[in-house]
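For the protein sequence lines, the chains are A and B, in the order given. Under this note's numbering, think of the first position of the first sequence as 290, with each following residue one higher. Under this note's numbering, think of the first position of the second sequence as 236, with each following residue one higher. Ideal placement from N, C-alpha and C gives every residue a C-beta, glycine not left out. Before any comments, here is the structure.
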Amino acid sequence: MPDPSRYPGYDVLRKRHTPSWNDKTRQVIDARLAVPREPRFFDAHELATITAVADRLVPQPRNRPPIPVAALIDDKLHKGQEDGFRHEGMPREREAWQRGLAALDAEAQAQHGAPFLHLSGPQQDALLKQMEQGALNGPAWGGMPSQTFFKQRMAKDIVFAYYAHPTAWSEIGFGGPASPRGYVRLGYDQRDPWEAAESKDGDTESALRKNRHVG
Amino acid sequence: MSDDPRQTPRAKDGRAPDVFRPGAWVPMREYSEDDAVDFVIVGTGAGGGTLACKLAEHGFSVVAMDAGPYFRPLDDFASDEAEQSKLYWTDDRISAGENPVQLGSNNSGKAVGGSTVHFAMVSLRFRPEWFKSRTLLGYGFDWPLDWREMWHYYREVEDALKIAGPITYPWGPPRPRYPYRAHPLNAAAMALAQGCEAMGIAWTETPIATLSAPRGLAHPCVYRGFCVTGCSTNAKQSALVTWIPRAIAAGAEIRDLAMVGRVETGPDGLATGVHYHREGRWHFQKARNVVVAGYAIETPRLLLNSANARYPQGLANSSGLVGKYLMVQANQAVWGKMDAEIRSYKAPPSLAITEHWNYDDNKDFFGGYCYMSQGPLPQLWANTQLNAHGLWGEPLITEMQDYNHQVGLKIVGEMLPQERNGVTLAEDKDQYGLPIPRVSYSWCDNDKALIAHSLDFMEKALRAVDAKNIWRQEDDTCHLNGGARMGDDPRGSVVDADCRSWDIRNLWICDGSVFPTVGGVNPSLTIQAIACRTGDRIKQMAVRGEL
């Protein structure tokens with residue numbers, strides 16, 4: 290099947306054994322790729338709900354294996370990693386997530402008679418839009434502002450999880466880890482041979498050929 | 236035993252990590268808790284790390300504590316945004332006000348070396364007039380420092396960090412050539428330069444604290460681009476690899492994973508030492524002088540948390556100003572897309588700068604701003620698209636496809652000191668049982684006018700280089716200063732020009748919290764220059780028997 294992406298055939302993981310990755314980088318990326326898929330903080334329903342939300346916020350790439358967004362967030366909360374601040378009126382991260390997911394389900398029930406997970410894509414998008422605008426304020430929120438939960442917690446954590454994954458880096462042509470090799474060619478339209486090549490003017494073949502030699 | 240520096244202290248048993256060699260150690264002098272050291276310093280960043288070095292080199296006995304871990308960058312730093320969030324101060328804090336400040340990764344470090352371990356390395360001098368902005372420019376407060384003396388200390392810091400910068404700097408009074416040559420421009424910096432030229436204003440290579448030539452065991456910058464998540468090759472001249480190794484060589488002791496919870500005072504009202512938490516229990520270190528250098532949130536928090544019967548408002552707070560007049564800086568941006576590939580993930584993020592609007596007073600607001608080229612990494616960039624641009628779903632994924640074509644200009648802008656902005660104690664407690672800080676911030680009309688001016692100007696500058704799909708990021712801020720300001724009058728300031736508190740003469744504050752105004756440039760060079768000056772002043776006072 291032809292690769293229609295902007296960076297056809299580019300895989301940042303091909304640099305894993307090159308001087309662009311130091312030992313510590315290999316260790317942390319290996320651990321991320323092997324993140325446990327069984328939740329350790331959330332329950333199964335919460336995890337499935339996060340996956341459903343993530344599918345709306347950061348739709349998965351079509352020709353690459355899916356990014357385990359929900360598992361990465363579960364891992365972060367399991368380890369208790371926090372941002373280091375919360376807006377007034379916001380609980381700490383674990384409580385915010387659990388309360389927010391329950392509130393999202395309560396709003397879905399109120400509007401559609403089913404949990405968020407079982408709604409159609411457009412219904413889910415409409416609910417998320419209302420949350421983004423702060424228009425959801427049922428009792429299940431317990432006073433937590435739904436807009437702050439969306440922007441500062443749920444959507445932020447989902448976007449951070451997605452773009453922490455090498456698959457997302459490959460998708461956008463990011464060079465990825467670069468220690469100690471770094472880069473040499475810094476100017477306009479300059480690309481080191483160990484960087485992604487972009488498909489231009491429909492010439493997929495040229496980019497594909499260059500991306501095969503990234504390493 | 237665990238070698239996780241976040242779990243187990245490394246600076247112990249007569250040795251500290253050698254930051255220049257994998258797995259290696261350097262000898263370190265140790266002091267007894269029961270013998271009063273000349274100085275105990277709380278915090279080892281731009282203020283505390285620098286002062287520890289100066290005082291140790293002047294022959295004082297020094298113990299410097301940091302709540303964070305003692306990293307060896309060559310071993311411990313990955314080339315990865317998510318992993319490197321371990322550099323940030325992520326203890327619980329509440330952010331309030333009309334414009335709540337983003338803390339954590341945005342401005343707060345928790346490591347030996349403090350926030351300099353993840354700072355963007357931009358090393359700028361204040362405009363001379365800012366030290367007397369009330370008298371000369373009509374706003375804010377005057378500093379008790381003279382710019383000509385600061386010019387001398389700026390030079391000392393620039394040389395200590397081997398700042399890479401231009402041969403001639405376009406603004407302000409003459410300054411010597413920077414010690415190391417300027418770095419080459421990346422495409423993002425070229426776009427800034429072309430925009431400035433099109434708009435008829437000057438630009439220059441950013442003076443920056445990353446090596447452009449070898450230095451001892453540290454190599455030149457490899458243009459890896461992960462600067463704000465910690466430099467894994469030691470090109471970045473953070474306090475961790477500059478002042479602190481010098482401090483240890485001169486006989487200072489560093490205590491990592493040591494969280495100071497309270498400064499103690501004695502019957503005479505003077506400070507007697509600090510209570511600190513390390514390895515699961517509270518300790519007390521005796522000292523003849525205490526220096527608080529925890530940056531603009533932890534410094535006021537510690538002074539307020541140290542309240543006792545004699546000082547019920549907190550230490551050094553007879554003026555009532557501890558925790559007040561906190562200042563962040565405006566950090567708005569304009570973003571666009573170029574037809575050419577920019578790939579701004581390569582090289583330090585801010586390689587070109589203009590200070591034009593710091594030195595042009597023909598404006599309808601007080602204060603000034605500089606702006607710099609940008610190089611956000613994917614997580615930060617995607618969150619900017621989400622939070623500031625409102626994109627999610629397919630529009631976000633599509634926009635992210637253009638990551639390598641993005642170009643951006645971002646200000647560091649002066650916000651005015653306001654009494655209502657500051658740090659108080661919340662009811663919630665942290666993992667040590669200490670009340671957490673509540674940080675409140677609201678912009679004033681002048682702040683908003685400065686931001687509007689900068690966004691208009693930067694948008695024109697991006698249009699001038701044919702950027703497309705231009706949009707404005709209107710809500711960001713950076714840096715933390717103020718909260719324990721210096722001045723000439725004990726009723727209107729917390730410390731004097733020597734960073735010595737008016738109320739408790741052996742209690743000192745040496746970090747960004749002493750700033751009366753914040754200026755329109757990144758603060759780290761000024762914090763370090765003040766620390767160098769304070770170190771020299773303490774030496775002079777000791778000689779004269781004035782300590």
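Look at His306(A): its C-beta is not under 8 Å from any C-beta on chain B. Across the set Gly722(B), Lys471(B), Asp711(B), Val476(B), the C-alpha of Asp711(B) shows the shortest separation from the C-alpha of Asp682(B). Fewer than three Cβ pairs drawn from the region 310–323 of chain B and the region 475–485 of chain B lie within less than 8 Å of each other, which leaves the two stretches out of contact.
Contact between Ala346(B) and Pro304(B) holds: CB atoms are separated by about 6 Å, below the 8 Å threshold. DSSP places Trp386(A) inside the alpha helix (DSSP H), whose first and last residues are 382–401. In this chain, Trp430(A) is not harboured by any alpha helix (DSSP H), its DSSP state being neither H nor E. Sixteen is the threshold: when 16 or more other Cβ atoms of the shown chains lie within 10 Å of the Cβ of Lys313(A), as they do, the residue is buried.
Each residue's CA atom was taken as its position, placing Pro308(B) and Gly280(B) some 16 Å apart. Here the alpha carbons of Arg497(B) and Val557(B) stand approximately 15 Å from one another. Beyond the five residues adjoining it in sequence on each side, Glu268(B) comes within less than 7 Å, by CB distance, of His518, Phe519, Gln520, Lys521 in the same chain, given in chain order. Nearest to Val674(B) by alpha-carbon distance, out of Arg779(B), Ser343(B), Ala299(B), is Ser343(B). Taking 7 Å as the cut-off between beta carbons, the residues of the region 622–633 of chain B near chain A are Asn622, Trp627, Gly628, Glu629, Leu631, Ile632, in sequence order. Interface flag for Ala467(A) against chain B is set, since a Cβ pair is found closer than 8 Å. Of all residues in the region 493–504 of chain A, none comes within less than 8 Å of chain B when Cβ atoms are compared. Identification of residues in the region 414–445 of chain B having a C-beta nearer than 8 Å to some C-beta of chain A yields Pro419, Leu420, Asn421, Ala422, Met425, given in sequence order. Against chain B, the CB of Arg345(A) has a partner CB under 8 Å away; the residue lies at that interface. Rounded to whole angstroms, Ile483(B) and Met263(B) show a C-alpha spacing of 6 Å. The beta carbon of Asp301(B) is closer than 6 Å to those of Thr279, Val347, Asp491 in its chain, skipping five residues each way along the sequence.
Boundaries of the beta strand (DSSP E) around Asn704(B): 703–708. Contact of Thr314(A) with chain B is assigned, a C-beta pair being separated by under 8 Å. When DSSP states are grouped into helix, strand and coil, Asp344(A) belongs to the helix group. Per DSSP, Cys288(B) is one residue of the alpha helix (DSSP H) stretching across 283–292.
For Gln412(A), there is no enclosing beta strand (DSSP E); the enclosing alpha helix (DSSP H) covers residues 410–421. Note that the C-beta distance between Ala587(B) and Leu427(B) is below 8 Å. Close to Leu537(B), with beta-carbon spacing below 8 Å, lies no residue of chain A; the smallest spacing is near 17 Å.
In the three-state reduction of the DSSP assignment, Cys713(B) falls in the strand class. Look at the region 603–623 of chain B: the residues with a C-beta under 7 Å from a C-beta of chain A are Pro613, Gln614, Ala617, Asn618, Leu621, Asn622. As the crow flies, the alpha-carbon of Phe376(B) is around 20 Å from that of Ala766(B).
Contact note: Ile461(A) reaches chain B through Pro613, Met635, Gln636, Tyr638, using a C-beta cutoff of 7 Å and chain order.
Taking each of Gln441(A), Ser309(A), Asp446(A), Ile461(A) in turn and checking the Cα distance to Asp481(A), the smallest one comes out for Ser309(A). If the five residues before and after Ile402(B) are omitted, its C-beta is found closer than 7 Å to the C-beta atoms of Arg412, all from its own chain and listed in chain order.
A direct Cα-to-Cα measurement between Phe274(B) and Ser350(B) gives close to 22 Å. For Leu660(B), no alpha helix (DSSP H) segment is defined; the enclosing uninterrupted segment is the beta strand (DSSP E) at 657–664.
Note on geometry: alpha-carbon atoms of Gly603(B) and His640(B) lie some 29 Å from one another.
If only uninterrupted alpha helix (DSSP H) runs of at least 4 residues are considered, those enclosed by the region 514–582 of chain B are 530–540. Ser675(B) sits in a strand when the DSSP states are folded into three classes.
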